[in-house]
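Chemist: Using our numbering, you'd call the opening residue of the sequence shown number 48 and step up by one each time.
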Amino acid sequence: MAQDPSTWRRRTAITAAFALIRAGELDAPVRLIDLLLDDPEHFVQTSVGVALRELNRASPKRCEEFLAGNRDRLSSTTKRLMRDSRRSS
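1. Does the beta-carbon distance from residue 120 to residue 83 come in below 8 Å?
2. Look at the Cβ atom of residue 80, then the Cβ atom of residue 95, and state whether they are nearer than 8 Å.
3. Which whole-angstrom value describes the C-beta separation of residue 105 and residue 68, a residue pair presumed to lie in contact below a C-beta threshold of 8 Å?
4. Count the other CB atoms, across all protein chains shown, that sit within 10 Å of the CB of residue 76; report buried if there are 16 or more and exposed otherwise.
5. Quick check: what's the CA-CA separation for residue 108 versus residue 50?
6. Is it right to say residue 122 is buried, meaning 16 or more other beta carbons lie within 10 angstroms of its own, or is it exposed?
7. Please check the pair residue 99 and residue 73, which I expect to be a contact at CB under 8 Å, by giving their CB distance rounded to whole angstroms.
8. In chain order, what residues of the same chain lie with their CB nearer than 6 Å to the CB of residue 78, ignoring the 5 residues before and after it?
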């Protein structure tokens, strides 16, 4: 689903990963985040940002490790969601 031509299916793929992140299963969601990080669609980027926020809550270290190598790929939407997440943590 993450590579589907449909924006909504790609968004659904990353949104479905929220439950995995909350359960502490991080490998598959991190791969999905990486796959969709460059997606041009705003609604997909919104879900990627929420996934990163959830990842940061579940494992700040894992989130920082991911961001260290991918910060330049973050969309403005994703950056805003991460910034807002860190303020509320």
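The beta-carbon is built from N, C-alpha and C at its ideal position, and this holds for glycine as well.
Modeler: The short version:
1. no
2. yes
3. 5 Å
4. buried
5. 27 Å
6. buried
7. Not a contact, Cβ separation roughly 12 Å.
8. none
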